[in-house]
Amino acid sequence: MLRRRLLVFALLALLPTLAVYAWVRIVPIGEVIWLSLHRWNLMSRNKPFIGLDNFVELTRDPLFLDAIVNTTVIAFGVVAVTVPLGLILAALIYHRTRARLAGFYETAVFLPHVVSLVPAAMAWKWIFDARLGPLNAALGWFGIEPQSWLFDPVLAVVCIIVLCSWQTLGFAVVIFIVGMKNVPHVLYEAARLDGATAIQAFRHVTVPMLRPIVLYVSVVTLVSGFNVYAQGFVMASDTQGAPGRLVRVLVLDMLENAFRNYRFGYAAAEAVVLLLVVLGLTLIQFGLLREKGGRS
Amino acid sequence: MSDDAPPLPRQREPFSLTNLAIDALLIVVALLMLLPLILLIGNAFKTPQEMLAWPPNFLPQNPTGENFRAVLADTPLLRWLFNSLVFALLSTAAIVATSALAGYVLAKFTSRILDVIFVVILATAIVPFEVYMIPLYFQVQKLGLLNSIWGLLIGYLVMSFGIFLIRQNVKASIPDELIEAARIDGANEAWIFVRIILPLIRGPIGALAVLAFFQAWTAFTWPLIVSTTTESYTVEVGLALFQTGFTIDLGRLSAASALVLIPSVTVFVFLRRSFVQGVASSGLKD
């Protein structure tokens with residue numbers, strides 16, 4: 026137990042941070058849950074308690090259902106692209122740590138994770154442009170018909186997955202490389218003595234040893250995928266007179282209900298759905314870690 | 129062979145075809161990752177006629193600076209950059225200050241209350257910003273801080289990961305004996321923190337500062353709802369709305385985007401190590 030004088034210092038030192046936490050995190054999280062159980066439109070003076078009515082309405086709201094399907098497809102799509110690709114790239118870059126270009130590889134792969142999203146999304150928007158974009162031009166060399174990437178409902182989702190994966194890949198690679206550095210060397214020695222090739226060692230040593238980290242990266246990527254918004258916002262918006270198709274995602278639907286329809290209680294219910302998804306994913310992560318006996 | 133040697137690429141390998149192939153592959157991948165940014169900067173120098181060329185030119189044929197001149201003259205881009213810069217700097221200062229102090233206290237002081245506090249902080253870290261931003265918006269509105277940098281700042285005052293990062297570093301790198309010795313010499317707690325602890329955690333604080341700065345610099349959804357006047361936009365929001373508002377040509381948009389990208393890319397290239405260190409430590413939960 027701590028001496029009293031020290032405890033007083035500790036609590037005093039924490040006080041400003043705790044006050045800020047209460048103010049900008051804990052109270053708003055409480056409020057969003059409270060709001061989700063009430064009907065509050067801009068016009069209404071009082072906010073009656075309506076239990077789970079908002080959530081019941083959500084299950085019948087075609088726009089919300091569209092949003093949750095799109096968001097889920099995007100989140101899992103990004104993980105499906107990023108995790109395998111990230112593992113392979115990390116292994117290759119790690120293998121070439123001593124190469125003269127190692128720093129260049131790492132910088133190039135990581136840079137998209139850092140740059141501002143809006144300018145980057147604009148670059149991709151031009152790449153995907155149906156009439157003037159280089160992607161259709163490149164496909165043309167192979168005799169593939171030009172596609173209207175940003176207008177087709179399915180392709181527009183694909184475009185968002187590509188953009189998000191491009192941004193997330195560097196994060197996955199950096200974390201995986203750190204994980205690979207921590208794999209005990211003796212395991213590779215043993216694998217080599219047993220006559221394993223480099224690819225077999227990757228498959229049977231690296232991948233199993235990295236399982237907790239792969240899980241961590243997958244969950245972080247899924248969570249950020251469920252929060253996708255800006256990417257769609259920019260890629261769908263208007264340039265040269267042709268608005269793309271606005272892919273309805275969860276955050277977009279929530280913001281529309283709040284700031285366009287002024288249904289704050291209803292929007293809060295959507296926020297609570299997002300919260301439940303994120304909590305569920307986190308619990309699954311911890312559950313799997315425990316089950317596998319991972320070094321969490 | 130020693131055990132603490134870095135594993136795979138230990139001995140310098142002789143020339144190998146495999147390594148050559150891997151290098152070739154990695155160079156292609158690296159260039160592909162950079163390609164969208166290269167194309168964007170190329171577009172910034174194209175004339176409006178060239179933007180309409182089919183098939184599109186990879187790089188501009190007759191580069192022009194006209195797009196840059198036009199975008200700086202016709203849009204408040206500098207104002208937006210200034211807003212973003214002030215917002216990011218203030219957010220970094222707030223996050224570094226709260227994280228350093230709280231991280232140190234939570235690492236080196238033991239008490240049931242502090243354990244509970246740490247768990248609460250970690251638990252809120254799981255909740256994405258998008259979940260509670262609507263109530264937070266109303267707090268900002270009540271304070272009359274919409275359309276101001278202070279309103280933006282309220283969303284970015286603390287970072288749970290920052291507290292976690294500093295706590296892990298203090299735990300791992302600063303021995304209890306050091307603090308005990310200072311106490312026996314009669315140093316008070318505040319002095320110990322400022323004069324002994326802070327200098328020892330400059331590395332992780334630097335990494336955290338870079339992360340915090342970029343987090344605010346690239347923020348989008350929160351500034352989009354808090355700032356609704358042209359004057360108060362951050363550069364991200366300004367750019368995003370700028371392209372929806374008018375039918376303007378892509379050359380100018382690219383020039384504006386390039387102006388936004390160049391400073392952050394430059395900063396990143398210089399601070400790459402502390403950046404990667406910061407991100408990497410996020411994967412190392414104890």
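If you're matching them up, the sequences are chains H and B in order.
Position in the first sequence (from 1) plus 25 gives the number in this note's numbering.
Position in the second sequence (from 1) plus 128 gives the number in this note's numbering.
From the three backbone atoms N, C-alpha and C, an ideal C-beta is built for every residue, glycine too.
Because the structure is a prediction, the values reported are computed rather than measured.
Excluding sequence positions up to five before and after H:P137, its CB lies within less than 8 Å of the CB of A145, W191, Q192, L194 and G195, all in the same chain and listed in chain order.
In this model, B:F370 and B:N316 are separated by some 54 Å (Cα to Cα).
A straight line joining the alpha-carbon of B:L180 with that of H:W151 spans about 11 Å. The beta carbon of B:V407 sits closer than 8 Å to some beta carbon of chain H.
Residue-level contact by beta carbon fails for B:F143 and chain H, as no gap is shorter than 8 Å. For H:G128, the enclosing alpha helix (DSSP H) stretches over residues A127 to V139. B:T362 and B:V388 have their alpha carbons spaced roughly 11 Å apart. Secondary structure of H:N66 (DSSP, three-state): strand. Using a Cβ-Cβ cut-off of 7 Å, H:F289 is close to I262 of chain B, given in chain order. CA-to-CA, the gap between B:F321 and B:A230 works out to about 11 Å. Within chain H, the C-beta atoms nearer than 9 Å to that of B:W345 come from S141, in chain order. Separation of the CB atoms of H:V272 and H:A181 is rounded to 5 Å, and the pair is thereby assigned contact status at 8 Å. Any Cβ of chain H closer than 8 Å to the Cβ of B:D202 would place that residue at the interface, and such an atom is absent. In this structure, DSSP gives H:F74 an extended state, which the three-state scheme calls strand. Put simply, the CB of H:W149 is near chain B, with a gap under 8 Å to one of its CB atoms. The CB of H:N252 comes closer than 7 Å to the CB of P256 and E258 in chain B, given here in chain order. With a cut-off of 8 Å on Cβ pairs, the region 343 to 357 of chain B is in contact with the region 275 to 288 of chain B, counting three or more such pairs.
Between H:V239 and H:V106, the gap from beta carbon to beta carbon reaches 8 Å or more.
Taking the C-beta atoms as reference points, B:L264 is found no nearer than 8 Å to H:P233. Residues of the same chain with a CB within less than 8 Å of the CB of B:T192, apart from the 5 flanking positions on each side, are F173, K174 and T175 in chain order. Scanning chain B for C-beta atoms nearer than 7 Å to the C-beta of H:H63 yields nothing, as the closest lies near 12 Å away. Just so you know, the alpha carbons of B:L381 and B:L367 end up roughly 8 Å apart.
Along the region 202 to 233 of chain B, the positions whose C-beta sits under 7 Å from a C-beta of chain H are T226, L229, A230 and V233, read in chain order.
When rounded, the separation of the alpha-carbon atoms in H:L83 and H:L31 is 51 Å. Judged by beta-carbon spacing, H:W59 lies beyond the 8 Å limit of H:F289, meaning their Cβ atoms are not closer than that value. Looking at the DSSP output, H:R288 shares a beta bridge with H:N66. Only residues of its own chain outside the window of five on either side were considered, and among them G283, T349 and W350 have a CB closer than 8 Å to the CB of B:F257, listed in chain order. Among the CB atoms of chain B, none fall inside 8 Å of the CB of H:T96. Inclusion of H:L308 and H:T96 in the CB contact set at 8 Å is not warranted, their separation being larger than that value. H:P109 has a beta carbon lying at 8 Å or more from every beta carbon in chain B. Around H:G257, the same chain offers I185, V272 and V274 as residues with beta carbons nearer than 6 Å, after the five sequence neighbours per side are excluded.
In chain order, L167 and G170 place their CB closer than 8 Å to the CB of B:F186, counting only its own chain and leaving out the 5 sequence neighbours on each side. Taking a contact to require three or more Cβ pairs closer than 8 Å, the region 295 to 314 of chain H and the region 247 to 261 of chain H qualify as touching. Counting only the Cα atoms, B:M161 lies some 45 Å from B:D304. H:A115 is a Cβ neighbour of H:I202, given a cutoff of 8 Å. For a Cβ distance threshold of 7 Å, nothing in chain B lies close to H:L88: the least Cβ distance comes to about 17 Å.
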